[in-house]
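K.L.:
In the working numbering, the protein residues as written are 252 to 561.
Glycine included, every Cβ here is placed at the ideal spot set by N, Cα and C.
Please read all numbers here as calculations on a predicted model, not as lab measurements.
(1) How far does the alpha helix (DSSP H) with residue 388 in it extend, from its first residue to its last?
(2) Could you compute how far the alpha carbon of residue 386 sits from the alpha carbon of residue 392?
(3) State the beta-bridge partners of residue 319 as determined by DSSP.
(4) Can you name the start and end residues of the beta strand (DSSP E) that residue 335 belongs to?
(5) Cα separation between residue 427 and residue 329?
(6) Taking all protein chains shown into account, do 16 or more other C-beta atoms lie within 10 angstroms of the C-beta of residue 408, making it buried, or fewer, making it exposed?
(7) So, under 8 Å CB-CB, residue 557 and residue 301 are touching, yes? Tell me the CB distance rounded to an integer number of Å.
(8) Under DSSP, the beta strand (DSSP E) around residue 326 begins and ends at which residues?
(9) Would you report the Cα separation of residue 510 and residue 429, rounded to the nearest angstrom?
(10) Distance, Cα to Cα, residue 401 vs residue 518?
(11) For the region 502-548, which segments carrying the alpha helix (DSSP H) assignment without a break, of at least 4 residues, lie completely within its bounds, in sequence order?
(12) Which residue marks the beginning of the alpha helix (DSSP H) containing residue 490, and which one marks its end?
(13) Put residue 262 into one of helix, strand or coil per three-state DSSP.
(14) For the beta strand (DSSP E) holding residue 295, just list the boundary residues, first then last.
(15) Evaluate residue 258 with the Cβ neighbour count: other Cβ atoms within 10 Å of its Cβ, from every protein chain shown; 16 or more gives buried, anything less gives exposed.
(16) With residue 333 and residue 384 assumed to form a contact (beta carbons below 8 Å), what rounded beta-carbon distance in angstroms separates them?
(17) When we look at the beta-carbon of residue 525 and count the other beta-carbons within 10 Å, is it buried (16 or more) or exposed?
(18) Should residue 379 go down as buried or exposed, given a rule of 16 or more other Cβ atoms within 10 Å for buried?
(19) Within 8 Å, do at least three Cβ pairs link the region 497-517 to the region 287-305?
(20) Checking 7 Å against the spacing of the C-beta atoms, do residue 321 and residue 423 come in under that value?
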């Protein structure tokens, strides 16, 4: 037996061990994967930490929250495997529960009005609160509003919104960071002093604010302007952890790129190295580091909105 045979045998032994331990990503159809059984037990529990906070003076005005979601389902990894992703249901629904209790209605948007994609494998099946609010919003997820239409037709005169909310899930890295209309929306929100709320991988979408204007007649080249979030601190899902995720089978291969590195290149400080449920507020940017942060993230966002608009 030569060295290559030994290496091959060692690899087979390791692969068998990973399979036995539930550390292999699960292939649902040819080339498409969801996380391994072991990583799902850790990262996608059946119940959330939603704490049913009540707000003494709920909002009664007419300003709403604009929820920006992805309409893309599959992330192609560096090795060609496809990860079945979308927005993470806990990072969507737990903040929505807080917004509802605080009196804020939420409009759902995707770039073109295509349906919202959701990481259904992360749905907390034993959490009645999450399942109830998901049911209430299901028609909005199936037929959301279009960011492109809003930017073109309504944005200039709109006073309807108090905040832009971007939930996480790796799907937030698909389409949103390259969307010029989203970039225009984020810059408009910043100029109008709206809150920007982003959790986990949601901050990837903030990169769009550095794109040129979708209206080519407006010589609005943001490559020559300062990034609107330059100098801000936030928390997010850290790059160092995304690089470890393939080892436990959460991801079916290395990611094609890392949003944290790109934000830091633009002058943002990502203040966490682990995912432990941290939140952070810097001016009107409120952030959370992952699903464990969804409850506190929803709560501090709701309280900040009530303080600003009540």
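P.N.:
Walking through what the data contain:
(1) On the chain shown, residue 388 is found 137 positions in, with the first residue counted as 1. Taken as a continuous stretch (DSSP letters only), the alpha helix (DSSP H) holding residue 388 covers 379-393.
(2) Translated into the one-based positions of the chain shown, residue 386 becomes position 135. Translated into the one-based positions of the chain shown, residue 392 becomes position 141. C-alpha separation (whole angstroms): 10 Å.
(3) Position 68 of the chain shown, counting from 1, holds the residue named residue 319. Answer by DSSP bridge pairing, in chain order: 360.
(4) Counted from its first residue, the chain shown places residue 335 at position 84. Counted as a single uninterrupted DSSP element, the beta strand (DSSP E) harbouring residue 335 occupies residues 333-335.
(5) Locating residue 427 in the chain shown gives position 176, where the first residue counts as 1. Locating residue 329 in the chain shown gives position 78, where the first residue counts as 1. Computed Cα separation, rounded: 19 Å.
(6) Residue numbering aside, residue 408 sits at position 157 when the chain shown is read from its first letter. So residue 408 ends up on the exposed side.
(7) Numbered from 1 along the chain shown, position 306 holds the residue referred to as residue 557. Numbered from 1 along the chain shown, position 50 holds the residue referred to as residue 301. Rounded to whole angstroms, the Cβ separation of residue 557 and residue 301 is 18 Å, and the two are not in contact under 8 Å.
(8) Mapped onto the chain shown, residue 326 falls at position 75. Element bounds for residue 326: 325-327.
(9) Residue mapping note: residue 510 aligns to position 259 of the chain shown, counting from 1. Residue mapping note: residue 429 aligns to position 178 of the chain shown, counting from 1. Cα to Cα, residue 510 sits roughly 12 Å from residue 429.
(10) Here residue 401 refers to the residue found at position 150 when the chain shown is read from its first residue. Here residue 518 refers to the residue found at position 267 when the chain shown is read from its first residue. Each residue's alpha carbon lies about 29 Å from the other.
(11) 510-516
(12) Against the chain shown, residue 490 aligns to sequence position 239. Where residue 490 is concerned, the enclosing alpha helix (DSSP H) stretches over 490-493.
(13) Taking the first residue of the chain shown as 1, we reach residue 262 at position 11. Its pLDDT being 46, under 50, residue 262 is placed unreliably in this model, and the coordinates cannot settle the point.
(14) In the chain shown, residue 295 corresponds to position 44, counting from 1. Careful: residue 295 lies outside any beta strand (DSSP E) and carries neither H nor E.
(15) Within the chain shown, residue 258 is the residue found at index 7, counting from 1. With a pLDDT of 46 at residue 258, under the threshold of 50, the modelled position of this residue cannot be trusted; read the value that follows with caution. It counts as exposed.
(16) Mapped onto the chain shown, residue 333 falls at position 82. Mapped onto the chain shown, residue 384 falls at position 133. At roughly 29 Å, the Cβ-Cβ gap does not stay under 8 Å, so residue 333 and residue 384 are not in contact.
(17) On the chain shown, residue 525 is found 274 positions in, with the first residue counted as 1. Per the 10 Å Cβ criterion, exposed.
(18) Residue mapping note: residue 379 aligns to position 128 of the chain shown, counting from 1. A residue is called buried when at least 16 other Cβ atoms come within 10 angstroms of its Cβ; residue 379 does not meet this threshold and is exposed.
(19) With the cut-off at 8 Å, the region 287-305 and the region 497-517 touch.
(20) The residue you call residue 321 lines up with position 70 of the chain shown. The residue you call residue 423 lines up with position 172 of the chain shown. Yes, the Cβ-Cβ distance between residue 321 and residue 423 is below 7 Å.
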